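Have a look at the structure below, then the notes.
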């Protein structure tokens, strides 16, 4: 098994006192297709 081309480990982000990401972890392997979906304001763009 090879190393992932993208890996996120325990990513967190807040805007002021408002947390938008808490402990997000994932990885993407070469050739894998990933979809990030969610309602407006759920942190999709912030994650990327």
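In my numbering, the protein residues as written are 12 to 59. Glycine included, each C-beta is placed from N, C-alpha and C at the ideal position. Remember, predicted model here, so these are calculated numbers, not experimental data.
For residue i, which option in the options has the closest C-alpha, if you only look at C-alpha atoms?
i	options	result
residue 35	28, 15, 24	24
residue 51	17, 31, 27, 16	31
residue 61	33, 56, 55, 29	Outside the shown range of the chain (12 to 59) lies residue 61, about which nothing can therefore be said.
residue 15	55, 45, 28, 29	45
residue 13	42, 22, 47	42
State the CB to CB distance for the pair residue i and residue j, rounded to an integer number of angstroms; the pair is presumed to be in contact (CB under 8 Å).
i	j	result
residue 59	residue 38	Rounded, the Cβ-Cβ distance is 15 Å, inconsistent with contact.
In the structure shown, what three-state DSSP assignment does residue i receive?
i	result
residue 56	helix
residue 35	strand
residue 16	coil
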